[in-house]
Structures are given as C-alpha cells and as structure tokens.
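Start counting the sequence shown at 1; every next residue gets the next number (UniProt numbering).
The beta carbon of each residue, even a glycine, is placed where N, CA and C say it ideally should be.
One structure is given here, and the rest of the page talks about it.
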Amino acid sequence: MARGITFRNVAGPQMLQAVALRETADSCTFYRCKFDGFQDTLDTHSGSSTGSTIDFICGDAAAVFQNYLIEARMPLPGQYITITSQQKNIEKESFGLVLQNCTLKLATPDVGNVTMYLGRPWGDLSERVEFQGEPLVRPFYMQFKNRGPGANTTGRVKWARVTSDPNVASSFSVRNFIHGDKWIPSIVSHYLDLL
Numbered sequence: 001m002a003r004g005i006t007f008r009n010v011a012g013p014q015m016l017q018a019v020a021l022r023e024t025a026d027s028c029t030f031y032r033c034k035f036d037g038f039q040d041t042l043d044t045h046s047g048s049s050t051g052s053t054i055d056f057i058c059g060d061a062a063a064v065f066q067n068y069l070i071e072a073r074m075p076l077p078g079q080y081i082t083i084t085s086q087q088k089n090i091e092k093e094s095f096g097l098v099l100q101n102c103t104l105k106l107a108t109p110d111v112g113n114v115t116m117y118l119g120r121p122w123g124d125l126s127e128r129v130e131f132q133g134e135p136l137v138r139p140f141y142m143q144f145k146n147r148g149p150g151a152n153t154t155g156r157v158k159w160a161r162v163t164s165d166p167n168v169a170s171s172f173s174v175r176n177f178i179h180g181d182k183w184i185p186s187i188v189s190h191y192l193d194l195l
C-alpha cells in the first residue's frame, strides 16, 4: 500500500510515453497519492489523482479508481486527450478499468478546446467506460448513473452501454470486480459496493 506519495515523470509531452508509475503487483492500493506526467502516466498491469495528456491511466489490469481527480492537461499541437487506454487480450480474464465517483477537471480553460475522449481501446477486448472509440474491436464500455455535462450519451458509438440496473453495475464494484473486501486494508477509505 502506498499512501500520500507523488509519482512524477517530468519528461514533458515532447518525450511521448512518460510513465510516472508502472504497477505490476498483485492487489495493491494507492491512497491519497498523485500520479503526474504526460503520456501513459499510470501504467497498471495484472499481477488518488492523475494529471496527464494522453492515456492517463493505461494497462492490462483490473483496477478501480474511487473518488479520483483526473486533471486534463494541454497536449502537443495536433494531439487529442485520452483519459484511459485499457488493454485486454484474453477474453475470459476480468481485466478492465472502473472509474467510480471520479471527477474530470481541466488544468486550464483552453484545454476544453481540445478533442477529449474518456477512453480508447488498446487491444481487441478492452473494458472500461468510454465516450467514443474504434468500431473494429470488441470493447465493452458501460456507464451507470454518471452526472454532469459529460454524462450526455447523445452521439456515442452504438455499442457503448448505459445501464440504470444496479445489479448489472455491481459486477464492477470493488467487492465483485477486484475482490477488494478480501485484501484492501480497513484504514483505506473505500466503498465495496455501489454508492
């Protein structure tokens, strides 16, 4: 468990991929930590707050982010902003990214003029919530009780799912998706189930 630590890569946007932390441990928790970089800032792999430009949170792990502040920064000219890039290459594995009760913030007002996506597929079977993506893959993106102007589903890809059924959404809770009730220490503030 990491608590109150900043993980920062200062390479800047010109250096392209600039991982601040690559996590490969089984069952790890970051509490009140900050991940700061530009591209591929937090790289999660199988086995808080983030400031970034492209693929802030990426990798092939099963991960849940609760009460997380995600700050979008200005990318290089001609680039777009992508919050998540989830990789899943084995269909029966429970890999994916879940953003629960998270807040997306613009680092500066001009960032709002840049094309921004909540997620994009990385591999054939990506799992996470997304606004738009590539139609040639079989990703699974689902939205449940989102709030604010970005929650409007008008114009989304046809295969993106929206559910109001708590039974469907609960399969992505900390308890069910990453079995957090078995390993997350009680000193870490978290919810096991839906809010």
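Excluding the 5 residues preceding and the 5 following residue i in the sequence, name in chain order all residues of the same chain whose CB lies nearer than 7 Å to its CB.
| i | result |
| --- | --- |
| F131 | Legend: pLDDT at F131 = 27, less than 50; position of this residue unreliable, value from coordinates given subsequently. If we look at F131 and ignore the five residues flanking it on each side, its Cβ neighbours are Y117, L118, R156. |
| W183 | S27 |
Identify the residues that DSSP records as bridge partners of residue i: which are they?
| i | result |
| --- | --- |
| L42 | L21, I57 |
| K105 | E71 |
| L99 | F65 |
| W122 | Q87 |
For residue i, count the other beta carbons within 10 Å of its own beta carbon; 16 or more makes it buried, fewer makes it exposed. Which is it?
| i | result |
| --- | --- |
| Y141 | buried |
| W122 | buried |
| R73 | buried |
| S173 | buried |
| Q14 | exposed |
| S27 | exposed |
| G59 | buried |
| A62 | buried |
| T41 | buried |
| I81 | buried |
| A151 | exposed |
| D110 | exposed |
Below 6 Å CB to CB, which residues in the same chain sit around residue i once its five sequence neighbours on both sides are set aside?
| i | result |
| --- | --- |
| V10 | none |
| S85 | D55, C58, R120, W122 |
| P135 | Note that P135 has pLDDT 39, beneath the 50 cutoff, so the model's placement of it is unreliable and no number is given. |
| residue 204 | A query on residue 204 cannot be resolved here, the shown segment of the chain reaching from 1 to 195 and no further. |
Are the beta-carbon atoms belonging to residue i and residue j less than 7 Å from one another?
| i | j | result |
| --- | --- | --- |
| N101 | Q66 | yes |
| L21 | F7 | yes |
| V64 | D43 | no |
| V188 | T29 | yes |
| T103 | L76 | no |
Only counting the same chain, and skipping five residues up and downstream in sequence, which positions put a Cβ closer than 8 Å to that of residue i?
| i | result |
| --- | --- |
| R175 | D181, L192, D193 |
| S164 | F144, K145 |
| L177 | Before going on, a small fix: residue 177 reads as Phe here, not Leu. Counting only Cβ-Cβ distances below 8 Å, and skipping sequence neighbours, we find A62, V64, S94, G96, V98, S171. |
| A169 | M142, F144, K145, T163, L194 |
Worksheet item: Which runs of the beta strand (DSSP E) fall wholly inside the stretch 130–190 and span at least 3 residues, in chain order?
Response: Listed in chain order, they are 142–144, 161–163.
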